[in-house]
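To keep things clear, I will list the structure first and then write my remarks on it.
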Amino acid sequence: MRYSSAVRFLFVLTLTSFTVSLSTAYALSLDEYLQSMPPETPTEADALFAQLAEESDTLLTSLCDRILPPNQVPDAEAQFAIYGLVKHVVLPGREVQRDRVARCLEKALHNADNPEVSRFFMAQLRVCGDAKSLKELESYVCDPVLCEDAVQSIAVIGSFSALVPLFMLNCNEAPQKDASVQNALARFNSMADFTPEGTGLTQELLMALADPSIQEDQERLVTLCRDALHLENVKPQYKAMVLQALVTAAGEEALPLLLEAAQSSEPLLWGTALFLTTQLTSATTTQAWLEALPDFSAVVQPAVLRMLANRDDPAVAKAIQESCSHDAMEMRLAAYECVTRTSDSSMTGILLDALAQAQDKLEINAIQAAFLRITDLEDAALRALDNRPDYETNMSTETKLVALEIIAERRMGSAPFKDAVYGFIEDENGEVRRKAFAALGATGELSDIELLFQSLLEEEANAEKTEAGEAIVALSNRYEAADDVTVKTGEMLTHATGNNCAALMKVLSAIGTAQALDITAAEAERALRGEREDSEGAAPYLDALGSWASLDAVEILDGLWEKAPDESLRMEVLKHYIASIQRNYPQAQKQQPVLAALEEKCKTDAERKAVNTALARVEKELKQKK
């Protein structure tokens with residue numbers, strides 16, 4: 170229900186007369202704000218949005234959460250509130266509020282899980298966004314669905330200078346990205362308000378840039394462009410526009426000026442030169458850039474290498490290989506990225522050498538990414554390692570970890586790699602052993618389960634035991650051997666104690682079959698009767714049963730609760746019984762009757778309190794949903 174006119178008038182009067190002193194005292198809830206949408210008069214709107222702009226980030230976030238996908242009933246009041254708020258904060262003198270609102274919108278965009286909702290928040294950022302918004306928007310440039318919207322938003326907020334760097338992004342998932350950026354740039358080139366005074370360009374050249382079709386003399390256009398590029402009073406963004414026109418008119422003949430532009434210290438100018446070079450595909454162009462590569466700045470060189478990587482030219486491949494051992498890490502990183510793009514298996518040996526030398530975590534990660542994209546990696550690595558017989562013995566801890574992750578990810582199960590994994594299982598470093606267990610789980614054979622069980626029992630730390638157990642489960646799943654592995658685990662569990670018992674219980678829980686559940690229940694009952702030697706008592710088994718995703722586990726815990734021999738054990742079972750109900754009946758309305766049925770089975774006040782506490786939470790949740 171909307172406010173009456175009298176209440177509206179009083180609210181506006183309060184805001185306009187005593188905003189500072191009474192803003193907190195007369196703060197509105199989100200629902201009250203939404204009930205006031207849309208305001209009836211400009212004065213009321215100004216006061217209302219001024220108050221809203223001063224609200225907490227929590228309230229603004231809640232407002233953004235009201236924006237729903239089109240397949241749900243739209244919250245028109247929430248949309249209007251955000252529209253009005255955005256228009257309010259962009260007026261002069263409201264920079265602080267604008268900054269807060271922009272940050273909230275960026276957060277909402279980040280959290281949006283529907284393309285239409287994302288587009289809504291991008292549209293608002295096009296009105297009130299600032300330089301900080303560009304980074305959030307840039308993360309959507311490679312999104313196959315939101316690419317065009319992100320590019321247009323960046324164009325509106327950041328203008329020409331924010332668009333050109335987007336050409337440097339490698340967007341395999343959004344191949345339309347370059348076309349979107351070109352379209353956005355074209356709109357800038359045709360803007361009618363460019364003047365000779367504002368740009369430093371001649372009127373003749375401006376007219377040609379706005380409408381190239383009117384310039385019939387292409388040689389004249391090339392001359393105008395060349396002259397403009399050498400003028401000191403022309404800003405980089407306008408020189409970038411001129412470069413674009415020059416390449417369109419002159420093609421390969423523009424190459425010398427592109428190379429010259431790449432010598433600029435202005436990212437906009439050298440970035441434009443690199444992008445435009447992608448339109449010139451001749452071997453002459455490729456060779457010219459390779460020859461000039463050492464002359465560029467340390468910032469430009471890696472970008473040039475990335476730009477050339479997509480060219481099918483042996484000279485480029487050689488340059489990438491040489492750059493893998495470059496003195497500058499940025500060049501090495503660029504080379505690894507090029508390998509990641511091209512998936513060139515001939516680079517395997519060079520990457521192995523680079524990995525052996527790398528010290529920085531960033532570089533190691535880049536080499537790993539390159540390895541993972543190489544086609545036929547297993548065969549290529551075997552050939553490369555034939556010429557590096559002592560490679561494994563000289564590896565650092567970091568390189569061992571990376572090697573094991575690669576073996577696991579690419580399922581490299583050849584004998585040499587299996588032998589390496591076996592060796593790493595004996596490594597003195599616990600993290601290396603954990604990675605080795607994971608690799609064996611990904612590449613091993615069913616017979617390797619025996620080794621993993623042995624390792625699980627012999628390891629001292631829980632982290633290593635857990636990883637060995639997960640590898641056992643992985644092999645069990647791969648070879649469809651759940652029944653045999655369950656029996657083996659149950660046999661070992663009978664005599665296990667301490668953290669070995671807990672680790673074996675995790676294996677049974679992960680297998681998750683009815684047979685595994687029965688074994689767990691039997692051991693839990695033994696522990697409750699005091700027939701096990703565990704110092705932890707029944708706790709590991711009850712923990713497993715309480716987290717088991719099965720209604721059968723609920724019934725088992727119900728039976729164990731009845732059988733528990735004393736009050737303390739009954740309370741311990743009840744705690745896990747309630748947890749099992751909450752897990753297996755995730756909806757509150759289904760939990761309630763099951764929990765309520767426990768009340769009459771309670772034997773002590775402590776038990777009744779535990780059940781009533783769980784019931785109270787459920788009833789509170791149900792009440793909130795009404």
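First residue of the sequence shown: 170, per the numbering used here; consecutive thereafter. We put the CB at the ideal spot given by N, CA and C, even for glycine.
Reduced DSSP secondary structure (H/G/I, E/B, other) of residue i
i, result
"L551", "helix"
"R752", "helix"
"I641", "helix"
"K675", "helix"
"Q448", "coil"
"A247", "helix"
"G253", "helix"
"M564", "coil"
"Y591", "helix"
"Y195", "Its pLDDT being 45, under 50, Y195 is placed unreliably in this model, and the value from its coordinates should be taken loosely. In the structure shown, Y195 sits in coil (DSSP, three-state: anything other than H, G, I, E or B)."
"L237", "coil"
"M337", "helix"
"V242", "coil"
"T544", "coil"
"S349", "helix"
"T511", "helix"
"P313", "coil"
"F180", "At F180, the pLDDT of 37 sits below 50, so the modelled position is not reliable and the matter cannot be decided from this model."
"H664", "helix"
"H399", "coil"
"Y648", "coil"
"D496", "coil"
"D282", "coil"
"K404", "coil"
"A343", "coil"
"G681", "coil"
"D522", "helix"
Rounded Cβ spacing between residue i and residue j (contact assumed at less than 8 Å)
i, j, result
"A461", "L428", "5 Å"
"A713", "T682", "Contact flag wrong, Cβ pair sits at about 13 Å."
"A685", "L677", "4 Å"
"A277", "D299", "No, A277 and D299 are not in contact; Cβ-Cβ is about 16 Å, not under 8 Å."
"L294", "S287", "Actually they do not touch by this definition, with Cβ atoms about 11 Å apart."
"L424", "A457", "6 Å"
"T202", "A250", "Residue identity differs from the one stated: residue 202 is Tyr in this sequence, not Thr. Correct: roughly 6 Å between the Cβ atoms."
"G599", "A640", "Contact flag wrong, Cβ pair sits at about 15 Å."
"S624", "I594", "6 Å"
"L729", "L764", "Wrong, their Cβ atoms sit about 17 Å apart, outside the cutoff."
"E633", "R602", "6 Å"
"A168", "A608", "One cannot answer for residue 168 here, as it falls past the ends of the chain, which runs 170 to 795."
Residue from the options with nearest C-alpha to residue i
i, options, result
"L229", "A247, A216, A214, E213", "A247"
"Q406", "G420, A430, T392", "A430"
"I618", "A222, E597, R647", "R647"
"A377", "N352, V350, T417", "T417"
"Q526", "L338, G728, D545, S494", "S494"
"A414", "I326, L437, L445", "L445"
"V411", "E421, L398, G420", "L398"
"T568", "S583, N556, K587, L531", "L531"
"A679", "A632, G638, E660", "G638"
"A630", "N669, E660, T566", "N669"
"L546", "G582, L743, Q351", "G582"
"T509", "P238, K487, T544, V485", "T544"
"E736", "H279, E724, C771, A757", "C771"
Interface flag, residue i vs chain B, CB-CB below 8 Å
i, result
"F290", "Protein chain content of the structure displayed is limited to a single chain, and chain B is not contained in it."
Cβ-heavy atom distance, residue i to the ligand MN, below 7 Å
i, result
"L743", "The model depicted lacks the ligand MN and carries no ligand whatsoever."
| said: To test your reading of the DSSP string, which unbroken alpha helix (DSSP H) runs of 4 or more residues are found completely within the segment 595–621? | reply: 599–612
| message | What ranges does the beta strand (DSSP E) occupy inside the segment 418–479, keeping only unbroken runs of at least 3 residues that lie completely in it? | response | DSSP runs (the beta strand (DSSP E)) wholly in the segment 418–479: none.
| Which runs of the alpha helix (DSSP H) spanning at least 4 residues fall entirely within the segment 707–791, listed in chain order? | 708–715, 720–732, 736–753, 757–765
| said: When you compare the segment 430–442 with the segment 393–407, are there three or more beta-carbon pairs, one atom per stretch, that lie closer than 8 Å? | reply: The answer is yes - the segment 393–407 touches the segment 430–442, with three or more Cβ pairs under 8 Å.
| field | contact_flag[the segment 316–333, the segment 383–399] where n(CB pairs < 8 Å) is 3 or more | value | no
| said: Taking 8 Å as the cut-off, does the segment 548–556 touch the segment 512–525 (at least 3 CB pairs, one atom from each stretch)? | reply: yes
| query | Would you say the segment 640–655 touches the segment 691–705, given that touching needs at least three Cβ pairs under 8 Å? | reply | no
| task | Spell out a yes or no on whether the segment 363–375 and the segment 344–354 are touching, meaning 3 or more CB-CB pairs, one atom from each, closer than 8 Å. | result | In this structure the segment 363–375 does not touch the segment 344–354; the number of beta carbon pairs closer than 8 Å is below three.
| Are three or more beta carbon pairs between the segment 751–758 and the segment 714–724 nearer than 8 Å? | yes
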